[in-house]
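Visitor: As you go down the protein sequences, you meet chains V and Z in turn. Take the first sequence: its position 92, counting from 1, is numbered 93 in the working numbering, and each next residue is one higher. Take the second sequence: its position 151, counting from 1, is numbered 154 in the working numbering, and each next residue is one higher. By construction, the Cβ of each residue, glycine as well, lies at the ideal position given by its N, Cα and C atoms.
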Amino acid sequence: MTMNLEYLFEPRGVIVTGVSSHPGKFGFVALHNILSCGYKGRVFAFGREEATVLEQKVITSFDSIPANEADLMILCTPVGANEELLRKASEKGVKAVFCAAGGYSEIGDEGLKAEKRLVTLAAELDLVLVGPNGQGVVSPPAGLCAQIVAPYAPKGRIAVVSQSGNFVSSFLNYANQTGIGISRSVSAGNAAATEIIDFLEWFSIDPATDVALCYIEGLEKGRDFFERIKEITKKLPIVLVKGGITVGGQRAAASHTGSLASDSKIFEGMTRQAGVTRAPDIESAFEIAATFATQPLPNGSRTLVLTTAGGWGVVAADAISQSSELVLAPLPNDLKETINKLLPPRWSRNNPVDLAGGETRDTIPELLSVASKHPEIDSIIQLGLGIQGNTANLVRTGKFYPEHGLERIVNFHERQEKRYAEASIEVSLTSGKPVLVASELAATQPNNPMVKTIRDSGRLCYISANRAVSALNHLVRYSGWRNQSN
Amino acid sequence: MTTASESESRRIVENAGIPVSRWRVASDLDEAIKAAKEIGFPNALKLNGPSIAHKTEQGFVKLNLKTEADFLNAAEELLGNKIGGSNLLVTEMLSGSREVIAGVVRDPQFGSCVMFGFGGILAEAIADVEFRLAPINSYDARDLISSLKTTELLKEFRGEKALDIDATIDLLIKLGDLAEDEKILSIDLNPLILVDGVPIAADALVELKEEST
Numbered sequence: 002m003t004m005n006l007e008y009l010f011e012p013r014g015v016i017v018t019g020v021s022s023h024p025g026k027f028g029f030v031a032l033h034n035i036l037s038c039g040y041k042g043r044v045f046a047f048g049r050e051e052a053t054v055l056e057q058k059v060i061t062s063f064d065s066i067p068a069n070e071a072d073l074m075i076l077c078t079p080v081g082a083n084e085e086l087l088r089k090a091s092e093k094g095v096k097a098v099f100c101a102a103g104g105y106s107e108i109g110d111e112g113l114k115a116e117k118r119l120v121t122l123a124a125e126l127d128l129v130l131v132g133p134n135g136q137g138v139v140s141p142p143a144g145l146c147a148q149i150v151a152p153y154a155p156k157g158r159i160a161v162v163s164q165s166g167n168f169v170s171s172f173l174n175y176a177n178q179t180g181i182g183i184s185r186s187v188s189a190g191n192a193a194a195t196e197i198i199d200f201l202e203w204f205s206i207d208p209a210t211d212v213a214l215c216y217i218e219g220l221e222k223g224r225d226f227f228e229r230i231k232e233i234t235k236k237l238p239i240v241l242v243k244g245g246i247t248v249g250g251q252r253a254a255a256s257h258t259g260s261l262a263s264d265s266k267i268f269e270g271m272t273r274q275a276g277v278t279r280a281p282d283i284e285s286a287f288e289i290a291a292t293f294a295t296q297p298l299p300n301g302s303r304t305l306v307l308t309t310a311g312g313w314g315v316v317a318a319d320a321i322s323q324s325s326e327l328v329l330a331p332l333p334n335d336l337k338e339t340i341n342k343l344l345p346p347r348w349s350r351n352n353p354v355d356l357a358g359g360e361t362r363d364t365i366p367e368l369l370s371v372a373s374k375h376p377e378i379d380s381i382i383q384l385g386l387g388i389q390g391n392t393a394n395l396v397r398t399g400k401f402y403p404e405h406g407l408e409r410i411v412n413f414h415e416r417q418e419k420r421y422a423e424a425s426i427e428v429s430l431t432s433g434k435p436v437l438v439a440s441e442l443a444a445t446q447p448n449n450p451m452v453k454t455i456r457d458s459g460r461l462c463y464i465s466a467n468r469a470v471s472a473l474n475h476l477v478r479y480s481g482w483r484n485q486s487n
Numbered sequence: 004m005t006t007a008s009e010s011e012s013r014r015i016v017e018n019a020g021i022p023v024s025r026w027r028v029a030s031d032l033d034e035a036i037k038a039a040k041e042i043g044f045p046n047a048l049k050l051n052g053p054s055i056a057h058k059t060e061q062g063f064v065k066l067n068l069k070t071e072a073d074f075l076n077a078a079e080e081l082l083g084n085k086i087g088g089s090n091l092l093v094t095e096m097l098s099g100s101r102e103v104i105a106g107v108v109r110d111p112q113f114g115s116c117v118m119f120g121f122g123g124i125l126a127e128a129i130a131d132v133e134f135r136l137a138p139i140n141s142y143d144a145r146d147l148i149s150s151l152k153t154t155e156l157l158k159e160f161r162g163e164k165a166l167d168i169d170a171t172i173d174l175l176i177k178l179g180d181l182a183e184d185e186k187i188l189s190i191d192l193n194p195l196i197l198v199d200g201v202p203i204a205a206d207a208l209v210e211l212k213e214e215s216t
C-alpha cells in the first residue's frame with residue numbers, strides 16, 4: 002500500500018532540532034534554508050540552549066510547541082537524543098520525521114541497533130520516518146527547502162529521489178541551470194523505514210508530479226521492487242540511473258544459463274520489462290526527465306525533421322536512423338504538396354524538410370503548424386533556428402549600430418526568433434505532439450531570443466540534434482510500453 | 004539439486020510445448036538400432052542418465068552418424084562406459100547452420116528469469132544474451148529478442164530463413180511458464196538450431212530441486 006508522504010512534502014509546520022548559533026551546524030543550516038526559501042508554514046527551532054538564531058527564538062522544551070501546528074520534524078540531533086524527540090514530537094501531532102543525523106547503520110553494528118530502535122519506535126508512533134543519514138527534503142510547491150545542503154530549486158514537475166544525497170543536489174543544480182523545475186526531492190539516506198520504491202509510489206499519486214527521477218545503487222528486495230515499480234510506470238514515467246552492482250549470490254552453478262547471467266544483465270532486463278527509462282549518467286537522466294516533464298508523450302515513432310538549412314538535418318536523420326525507436330517519417334504526399342506551396346522549388350522534398358534558405362517571414366510558423374497537424378507525423382525536431390538572433394547579436398554589438406537602418410533589422414531578426422520559438426511551443430500544445438528545438442546556441446548564447454523564449458516557456462532548448470533525438474527516443478519507447486501495459 | 008537426464012529434461016520441456024529434435028531412448032544395442040532406424044540417418048547418439056552433465060567434454064556425444072555401421076560402433080563404445088543407471092539416447096540431426104541459446108535461471112534477487120541469446124561455439128565469447136523476469140508476455144519476449152546486439156546475425160542469410168520471431172516468442176513465453184514451477188532450478192536449451200527459422204532444441208538440461216525425503 003502506498004505510504005502517505007503528504008506530511009513530508011506538504012507539512013503544515015516544521016520543527017528543526019539541533020539548532021544552535023553555530024552557522025556550520027546542520028541544525029542551523031536546515032533552519033536557514035527553511036527560513037530563506039519562502040516556506041509559509043510555522044517554523045519551530047529546537048535546541049539545547051536558549052538563544053535567538055536567524056531572528057528565531059530557540060525553544061528548549063517541547064512544552065513551548067503548540068499541538069498540531071507542525072507536521073514535520075527535521076532531526077539534526079545526535080543519535081542519543083532522537084528517540085526521546087520522536088516521542089515528544091508525536092505527542093505534539095508530528096506525522097513525519099526526516100532524520101538528517103548520521104551515526105546509524107552506516108557506522109557499524111552499534112549504529113545499526115540504534116537505527117532499528119528508531120524504526121521500531123517510529124512504527125509504534127505511526128510516524129513516517131525518512132533517513133537517517135540523509136540530506137533532507139525539498140518541495141517547491143510548498144516553498145520548502147528542509148535540507149542541510151544546497152541548492153533550492155524552481156518549482157516544476159520532476160520528483161527526485163536518490164540513495165545518494167549528492168545526486169539530489171546535482172539534479173537540483175541542473176534544474177536551476179535549465180529552469181526545468183522540481184516538484185519534490187528527497188535524499189533517502191539509509192532508507193531504514195522509507196525506501197526508494199515507497200517514494201516512487203507516492204510520486205505516482207502526487208498531483209504536482211509528472212515524472213520521477215531516481216538514482217539507486219543497491220536493492221535488497223529485487224523481486225518486490227520489480228512487482229511494485231511496473232505498476233507505478235503504468236501511470237508515471239520513471240527515469241533511473243543505476244550506480245554500482247547489486248549484491249549477487251549463487252545461481253545454479255552447473256547451468257550454462259547461470260554462467261551467462263550477471264547482476265547488471267538481469268537488472269537491465271528487469272528495468273526494460275518494467276517500463277523504466279534507464280539513463281546512462283546523471284546529466285542525460287536530468288535531460289530525459291526534463292523532456293518527460295515538458296513535452297507531450299508521442300503516440301508513435303514517426304519523426305519529422307524541419308531544418309532551415311543543410312547539415313543539421315542530415316546529422317539528425319543519421320541519429321534517428323541509428324536510434325532504437327524513432328523512424329524518419331516518410332513524407333506524406335499531401336504534406337509534400339502543402340509544403341510546395343510554401344517554399345521555392347529547391348526545398349528538399351523529403352524528410353528532413355530542408356527549407357534551403359527559401360523561407361519568408363511566415364514560412365516556419367506555417368510549416369510547423371501544417372506538419373504538426375498531419376496524422377502521419379508523431380513528433381517534430383526543429384533545427385536551424387537562432388540564426389537571425391545570432392546575426393542580430395553581432396550587429397547590435399558592432400560599431401555601426403544603431404545607424405544605417407541596423408536598429409530596425411536587429412529588431413526584426415529578434416522578433417522573428419521569438420515568433421519561431423513561440424510557434425514551436427504553440428503547435429506542440431495544440432497538436433499534443435512533441436516538438437523539440439535544438440541549437441548549440443542554447444549553450445553558447447543563452448540570451449538568443451529564440452533560446453530565451455523557449456526557456457521562458459518552461460521547455461528545454463536542446464544543445465544538439467543528437468541530444469534531442471536521444472531524449473525523444475526514450476519518450477517513444479516509454480509510450481509504447483505504457484500503451485501495451487494499460 | 005539434481006541434474007535430470009537428457010531424456011527427462013526433454014520430456015519436461017516437450018510437455019510444455021517447446022519443440023525439441025525427435026528422440027528415442029534405448030537400453031541395449033538392439034533397441035538402439037531399432038530407434039536409429041525410426042529416427043533415420045544421419046542421427047546422433049548420447050549417453051543418457053541423471054547427473055551426466057558436460058557430455059560433450061567427456062566424449063559421451065556422437066554426432067552425425069551417417070550409416071548403421073557408424074552407429075553400431077558408437078553405440079558399443081558408449082554402452083561400454085557402464086555408468087550406473089545410464090542408457091542411450093538417439094536423436095535426429097537437425098539441419099541448420101545457425102544456433103541460438105535459451106534457458107531459465109533463478110536469480111537470488113529477482114527470482115526466476117528467462118534467457119535468450121546468440122548461440123553456437125562463439126556464444127560464450129560473444130555473450131550476447133538478454134534476461135527477463137518470469138513469467139513474460141509477448142511484448143517482453145519481442146523486446147528481449149530485439150534488444151540483442153547480434154540481431155543482424157539472425158536475419159535471412161544465404162538462403163536460410165530469418166529467425167521466426169513468433170515461434171521464438173512462443174518458446175520464450177513457455178519457458179517463462181516453466182520457470183514458475185518451483186521444482187525447476189534451471190533449464191538450458193543449448194543449442195537450439197534454426198530449422199526454417201524455427202528454433203528447435205537439440206539438447207536440453209534441466210536442474211531440479213532435490214526431493215525432500
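If you measure between the beta carbons of K156 (chain V) and G182 (chain V), is that distance less than 7 angstroms?
Guide: Yes. Within cutoff.
Visitor: May I have the straight-line CA-CA distance separating V54 (chain V) from K26 (chain V), to the nearest angstrom?
Guide: Using only the alpha carbons, I get a separation of about 12 angstroms.
Visitor: Are the C-beta atoms of L414 (chain V) and some chain Z residue less than 7 angstroms apart?
Guide: For the sequence presented, residue 414 (chain V) should be read as His rather than Leu. False, the Cβ-Cβ gap to chain Z never drops below 7 angstroms.
Visitor: Can you list the beta strand (DSSP E) stretches of 3 or more residues lying completely in the segment 33–63 of chain Z, in chain order?
Guide: Whole beta strand (DSSP E) segments, 3+ residues: 46–51.
Visitor: Once DSSP output is grouped into helix, strand and coil, what is the label at T308 (chain V)?
Guide: Residue state, collapsed to three classes: strand.
Visitor: May I ask which residues mark the beginning and end of the alpha helix (DSSP H) holding I176 (chain Z)?
Guide: Note, I176 (chain Z): alpha helix (DSSP H), I168 to A182.
Visitor: Give the residues of chain V in contact with A130 (chain Z), contact being defined as C-beta atoms less than 7 angstroms apart.
Guide: Residues of chain V passing the Cβ test: L261.
Visitor: Which two residues bound the contiguous alpha helix (DSSP H) that contains V201 (chain Z)?
Guide: From DSSP, V201 (chain Z) is part of no alpha helix (DSSP H) but of the beta strand (DSSP E) over V201 to A204.
Visitor: Report yes if the C-beta distance between D167 (chain Z) and G200 (chain Z) is below 7 angstroms; otherwise report no.
Guide: A contact, by the Cβ cut-off of 7 angstroms.
Visitor: What's the call for N508 (chain V), buried or exposed, on a 16-neighbour Cβ count within 10 Å?
Guide: Residue 508 (chain V) lies beyond the stretch modelled for chain V, which goes from 2 to 487, so this question has no answer here.
Visitor: Would S115 (chain Z) count as contacting chain V if we go by Cβ distances under 7 angstroms?
Guide: S115 (chain Z) does not count as touching chain V.
Visitor: Is any beta-carbon of chain V found at less than 7 angstroms from that of N51 (chain Z)?
Guide: It does not; no Cβ of chain V falls within 7 angstroms.
Visitor: If you drop the 5 nearest sequence neighbours on each side, which residues of the same chain put their C-beta closer than 6 angstroms to that of V80 (chain V)?
Guide: Same-chain partners within the cutoff: G104 and A115.
Visitor: Over what stretch of residues does the alpha helix (DSSP H) that includes G390 (chain V) continue unbroken?
Guide: Taken as a continuous stretch (DSSP letters only), the alpha helix (DSSP H) holding G390 (chain V) covers I388 to T398.
Visitor: Compare the Cα-Cα distances from A318 (chain V) to each of V:A71, V:T398 and V:N352 and report the closest residue.
Guide: When each option's Cα is compared against that of A318 (chain V), the closest is V:N352.
Visitor: Helix, strand or coil, according to DSSP, for R347 (chain V) in the structure here?
Guide: In the structure shown, R347 (chain V) sits in coil (DSSP, three-state: anything other than H, G, I, E or B).
Visitor: Nearest to L192 (chain Z) by CA position, among Z:L174, Z:D110, Z:G52 and Z:L75, is which residue?
Guide: For the residues Z:L174, Z:D110, Z:G52 and Z:L75, the minimum Cα distance to L192 (chain Z) belongs to Z:L174.
Visitor: Quick check on DSSP: helix, strand or coil for P366 (chain V)?
Guide: P366 (chain V) falls in the helix class under three-state DSSP.
Visitor: Opposite F121 (chain Z) in the DSSP bridges: which residues?
Guide: DSSP lists Z:V103 as partners of F121 (chain Z).
Visitor: Quick check on the burial criterion: 16 or more other C-beta atoms within 10 angstroms. Buried or exposed for G132 (chain V)?
Guide: So G132 (chain V) ends up on the buried side.
Visitor: When DSSP labels each residue in this structure, what does Q274 (chain V) get in the three-state scheme?
Guide: If DSSP states are grouped into helix, strand and coil, Q274 (chain V) belongs with the helices.
Visitor: Report the neighbours of M74 (chain V) on chain Z: residues whose CB is nearer than 7 angstroms to its CB, in chain order.
Guide: Within chain Z, no residue comes near M74 (chain V); the closest Cβ sits about 34 angstroms away, beyond 7 angstroms.
Visitor: Quick one: using the 10 Å Cβ neighbour count with 16 as the cut-off for buried, is H414 (chain V) buried or exposed?
Guide: Flag for H414 (chain V) reads buried.
Visitor: I want to know whether the segment 85–97 of chain Z touches the segment 36–51 of chain Z - three or more CB-CB distances under 8 angstroms.
Guide: As far as the Cβ criterion goes, the segment 85–97 of chain Z touches the segment 36–51 of chain Z, which means the pair count is three or higher.
Visitor: Is the beta carbon of V59 (chain V) closer than 7 angstroms to that of A52 (chain V)?
Guide: It is a contact, given that the beta carbons lie within the stated cut-off.
Visitor: Measure the alpha-carbon distance for R468 (chain V) versus K65 (chain Z) and round it to whole angstroms.
Guide: Each residue's Cα considered, the two are about 55 angstroms apart.
Visitor: Nearest to E408 (chain V) by alpha carbon, out of V:A393, V:I381 and V:D211?
Guide: Nearest of V:A393, V:I381 and V:D211 to E408 (chain V), Cα basis: V:A393.
Visitor: Give me, in chain order, the residues of the same chain whose beta-carbon lies closer than 6 angstroms to that of E418 (chain V); leave out the 5 immediate sequence neighbours on both sides.
Guide: The residues are Q389, G390, P450 and M451.
Visitor: Classify T6 (chain Z) as helix, strand or coil using the three-state DSSP reduction.
Guide: Correct three-state label for T6 (chain Z): strand.
Visitor: Whose CA, out of V:K235, V:G180, V:E125 and V:R13, lies closest to the CA of G144 (chain V)?
Guide: Residue V:R13 is the option with its Cα nearest to G144 (chain V).
Visitor: Does the beta carbon of V108 (chain Z) come closer than 7 angstroms to any beta carbon on chain V?
Guide: V108 (chain Z) counts as touching chain V.
Visitor: For F293 (chain V), which residues in the same chain have their Cβ closer than 6 angstroms to its Cβ, ignoring the five residues on either side in sequence?
Guide: Counting only Cβ-Cβ distances below 6 angstroms, and skipping sequence neighbours, we find V212 and P238.
Visitor: Reducing DSSP to helix, strand and coil, say where S189 (chain Z) ends up.
Guide: Reduced to three states, the DSSP call for S189 (chain Z) is strand.
Visitor: Would you say F227 (chain V) reaches chain A, if we count a Cβ-Cβ gap shorter than 7 angstroms as a contact?
Guide: In summary, chain A is missing from the structure at hand, where the protein chains are V and Z.
Visitor: Tell me whether R185 (chain V) is buried or exposed, calling it buried when 16 or more other Cβ atoms sit within 10 Å of its Cβ.
Guide: With 16 or more other Cβ atoms within 10 Å, it is buried.
Visitor: State the DSSP-derived secondary structure class of N67 (chain Z), mapped to helix, strand or coil.
Guide: Looking at N67 (chain Z) - three-state DSSP - the assignment turns out to be strand.
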